[in-house]
Amino acid sequence: MNNPEDLKHILKFLTKNHVLALCAAADGEMWSANCFYVTDAETLSLYFMTELKTLHGTLMAKSPQVVGTIAPHPKTIALIKGIQYRGEATILSGEEESHARRLYCKHFPVAIAMKAPVWALKLNSIKMTDNALGFGKKLLWDRALSDKPE
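Per UniProt numbering, residue 1 is the first one in the sequence shown, and the count goes up by one each step.
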């Protein structure tokens with residue numbers, strides 16, 4: 001069972017930050033990319049925009065399983081915080097796409113002019129390190145152990 005306080009702490013971190021690193025792989029090829037994101041706490045998903053013509057977009061379209069990190073740049077080791085995640089990246093459509101685009105453009109108004117597809121990164125597994133809670137402190141969350149709806 002997931003600890004609700006751990007999830008609350010993880011969500012606070014996710015909403016405070018806005019750049020993720022992801023790694024996509026398909027057909028024996030891999031690529032990483034950084035993307036701006038917004039958090040949907042209800043679905044535990046991150047929304048981001050990227051073109052299908054990018055290498056990471058092409059790879060995610062073929063194989064939606066991705067891994068990555070979210071890590072700010074602290075001034076000291078005692079303040080290190082970061083997330084490693086595993087998830088599934090899919091292009092949104094219909095009402096889901098409209099909702100995600102509104103949320104994304106609210107946080108990043110420059111994106112209003114962009115025509116790039118909106119993707120949802122459904123987080124399936126999270127490991128957060130937060131040295132502010134104690135050196136090497138780990139918080140874990142797994143969708144398979146969650147009471148949250150799919």
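Cβ coordinates follow ideal geometry from the N, Cα and C atoms, glycine included. Keep in mind it's a predicted model, so treat the numbers as computed, not measured.
Cβ neighbour criterion (16 or more within 10 Å) applied to residue i
i, result
"I83", "buried"
"M1", "exposed"
"M60", "buried"
"V19", "exposed"
Nearest neighbour of residue i, chosen from the options [CA to CA]
i, options, result
"D142", "E95, V118, Y85", "Y85"
"N34", "F13, N3, P4, G68", "G68"
"I77", "N17, T15, D130", "D130"
Rounded separation between residue i and residue j - CA only
i, j, result
"I80", "A132", "7 Å"
"Y47", "G134", "30 Å"
"K62", "E29", "11 Å"
"K127", "L140", "5 Å"
"K8", "K137", "15 Å"
"H99", "L121", "14 Å"
"L11", "E42", "10 Å"
"P149", "S45", "Below a pLDDT of 50, predicted positions are generally treated as unreliable, and P149, at 49, falls in that range; no measurement from the model is reported."
CB-CB length for residue i against residue j, believed under 8 Å
i, j, result
"E51", "A113", "That pair is no contact at about 14 Å."
* If you pair each beta-carbon of the region 103 to 112 with each one of the region 55 to 74, do three or more pairs fall below 8 Å? -> Contact between the region 103 to 112 and the region 55 to 74 is absent, because fewer than three Cβ pairs lie under 8 Å.
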